[in-house]
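**Q** Quick one: structure below, then a few questions.
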Amino acid sequence: MDWTIVKPLRLTNSPTPARVHADASLRIGLFSKVSRASLAAAILDEIQIGQFVKE
215 MDWTIVKPLR
225 LTNSPTPARV
235 HADASLRIGL
245 FSKVSRASLA
255 AAILDEIQIG
265 QFVKE
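Just so we're aligned, residue 215 is where the sequence shown starts under my numbering, counting upward by one.
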């Protein structure tokens with residue numbers, strides 16, 4: 215079974231999705247945030263592409 219763990223930052227309700235940078239080694243800050251729409255788009259992209267399977 216394929217799986218991917220998604221650990222989002224602080225979520226916002228911003229209406230316009232922004233491009234999400236996803237990387238297992240990405241350093242995030244205390245005040246980093248992502249919109250719910252951007253997170254949803256990134257999860258859908260991962261389902262289609264499978265770049266981070268078993269990560």
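Here a beta-carbon is modelled for each residue, glycine too, at the ideal position from N, C-alpha and C.
I believe L223 touches I242 by the beta-carbon criterion, under 8 angstroms. Please report the beta-carbon distance rounded to the nearest angstrom.
**A** 6 angstroms
**Q** Cutting at 6 angstroms between CB atoms, please list the residues of its own chain near L253, excluding the five before and the five after it.
**A** P222
**Q** May I ask which residues mark the beginning and end of the alpha helix (DSSP H) holding R250?
**A** R250 to I263
**Q** Below 7 angstroms CB to CB, which residues in the same chain sit around W217 once its five sequence neighbours on both sides are set aside?
**A** K268
**Q** State the start and end residues of the unbroken beta strand (DSSP E) segment that holds R224.
**A** In the DSSP assignment, R224 falls within the beta strand (DSSP E) that extends over R224 to T226.
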